[in-house]
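Visitor: To convert, note that position 101 of the sequence shown is 100 in numbering that gives the first Met the number 0; the numbers rise steadily by one, no gaps.
By construction, the Cβ of each residue, glycine as well, lies at the ideal position given by its N, Cα and C atoms.
Predicted model, so just to flag it, every value in this text is computed and none were measured.
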Amino acid sequence: MNEILSQEKSIYIQIREMIENDILRDILLEEERVPSTNELARAYSINPATAAKGVNLLVDEGILYKKRGIGMFVATGAKAKIMEKRKQNFYDDYVKRLVAEAKSLGITKEELIAMIATGI
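This is the structure:
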C-alpha cells in the first residue's frame with residue numbers, strides 16, 4: 000500500500016479501494032492478514048476511525064473477515080467478488096452510457112462493435 004490519498008473522494012472509500020487493488024494485484028492473498036486500522040492510520044496520517052470505516056465496508060461485502068484478537072484477513076473468494084463487483088460497476092458506469100450515446104447518434108450495434116474493436 001504505497002498509494003497517496005487524494006481529495007477527490009472520501010478517505011475511507013480510498014482505503015477500501017486500495018485494499019481491493021492490493022487483493023486484485025495479488026499483493027494481499029486470500030487468508031492473508033491485512034494491515035490493521037491503526038497501521039493504516041499511521042501509514043496515511045488519518046484517524047483510525049476513518050480507516051476502520053473503509054475496512055468495515057469490505058467486511059460488510061464479505062471481502063475481509065475478522066479473526067478475534069488476531070486481525071482482519073482476506074476472505075476466500077475475495078478477488079473474484081471484487082472483480083465481479085468492478086465489472087458490474089464498469090457496465091453500469093460506462094457501457095450503459097456508451098450504448099445510450101451511440102443510439103442517440105444513430106450508431107448501429109455493428110458500428111459500435113467495430114469502433115470498440117479498433118480501440119483494443
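With distances taken from CA atoms, which of Thr-36, Leu-56, Gly-53, Lys-102 is nearest Pro-200?
Guide: With the chain running from 0 to 119 in the structure shown, residue 200 is simply not present.
Visitor: Which of the three DSSP states is assigned to Arg-32 in this structure?
Guide: Position 33 of the sequence shown, counted from the start, is the residue given in the question as residue 32. In the structure shown, Arg-32 adopts extended strand secondary structure according to DSSP, grouped into three states.
Visitor: Exposed or buried, which one is Asp-25 when buried takes at least 16 other CB atoms within 10 Å?
Guide: Stepping through the sequence shown from its first residue, residue 25 is reached at position 26. Classification of Asp-25: exposed, given that the 10 Å Cβ count is below 16.
Visitor: Expressed to the nearest angstrom, what Euclidean distance is found between the alpha-carbon atoms of Pro-34 and Met-71?
Guide: Your numbering for residue 34 matches position 35 in the sequence shown. Your numbering for residue 71 matches position 72 in the sequence shown. In a straight line, the C-alpha of Pro-34 is about 8 Å away from that of Met-71.
Visitor: Three-state secondary structure (DSSP) at Gly-76?
Guide: Position 77 of the sequence shown holds residue 76. Reduced to three states, the DSSP call for Gly-76 is coil.
Visitor: Looking only at C-alpha atoms, which of Ala-77, Ile-115, Asn-55 sits nearest to Glu-30?
Guide: Here the question's residue 30 lines up with position 31 in the sequence shown. Checked all of Ala-77, Ile-115, Asn-55; the closest Cα to Glu-30 is Ala-77.
Visitor: Let me know the secondary structure DSSP gives Leu-23 once reduced to three states.
Guide: Position 24 of the sequence shown holds residue 23. Helix at Leu-23.
Visitor: Does DSSP classify Lys-66 as helix, strand or coil?
Guide: Counting from one through the sequence shown, the residue named residue 66 turns up at place 67. Correct three-state label for Lys-66: strand.
Visitor: Relative to the alpha-carbon of Lys-84, which residue among Ser-9, Ile-10, Gly-105, Leu-23 has its alpha-carbon at the smallest distance?
Guide: In the sequence shown, residue 84 corresponds to position 85, counting from 1. Taking only the C-alpha atoms, the option nearest Lys-84 is Leu-23.
Visitor: 7 Å is my cut-off, CB to CB: does Lys-102 come that close to chain D?
Guide: Absence of chain D from the displayed structure is noted, only one protein chain being present.
Visitor: Using the beta-carbon count (16 or more within 10 Å), is Leu-63 buried or exposed?
Guide: For the purposes of this step, residue 63 is taken as residue 64 along the sequence shown, with counting starting at 1. Buried is the call here.
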